[in-house]
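Step one of this worksheet: look at the structure below.
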Amino acid sequence: MAITAGPSARAEQTTELLIQNRTLEMHLMHENLARAHMQERLQEAEDQRMVLRAVRASRLRRKAERASLRARKVLATAVL
Numbered sequence: 012m013a014i015t016a017g018p019s020a021r022a023e024q025t026t027e028l029l030i031q032n033r034t035l036e037m038h039l040m041h042e043n044l045a046r047a048h049m050q051e052r053l054q055e056a057e058d059q060r061m062v063l064r065a066v067r068a069s070r071l072r073r074k075a076e077r078a079s080l081r082a083r084k085v086l087a088t089a090v091l
């Protein structure tokens, strides 16, 4: 004998499945939002590191140029 559920039982099961699906979708939506937010934060941090690296390289280049200029001046005065 097979037990079959009546229309009201099937409607309840369908409603419960819809609720479970919506709950899962909301959970996944929040996870995706959190993941996107973290990716954005990581990208911002990487961009900031690149800017700092460029600023540091620029400072070192100017420092090297000043040292080179001082060395040339010292050499020029020593030759005279």
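In the working numbering, each residue's number is its place in the sequence shown (first place is 1) plus 11. Note that the Cβ used here is the ideal one computed from N, Cα and C, for glycine as well. As the structure is a prediction and not an experimental result, all values here were calculated from the model.
(message) Quick check: what's the CA-CA separation for T61 versus R83?
(response) Along the sequence shown, one-based indexing puts residue 61 at 50. Along the sequence shown, one-based indexing puts residue 83 at 72. According to the sequence shown, residue 61 is Met rather than Thr. For M61 and R83, the distance between alpha carbons rounds to 33 Å.
(request) Alpha carbon to alpha carbon, how far is A65 from Q59? Give it in angstroms, no decimals. (result) By one-based count along the sequence shown, residue 59 stands at place 48. By one-based count along the sequence shown, residue 65 stands at place 54. Their Cα atoms are separated by approximately 10 Å.
(request) From the DSSP output, in three-state form, read off L91 for me. (result) By 1-based counting over the sequence shown, the position of residue 91 is 80. In the structure shown, L91 sits in coil (DSSP, three-state: anything other than H, G, I, E or B).
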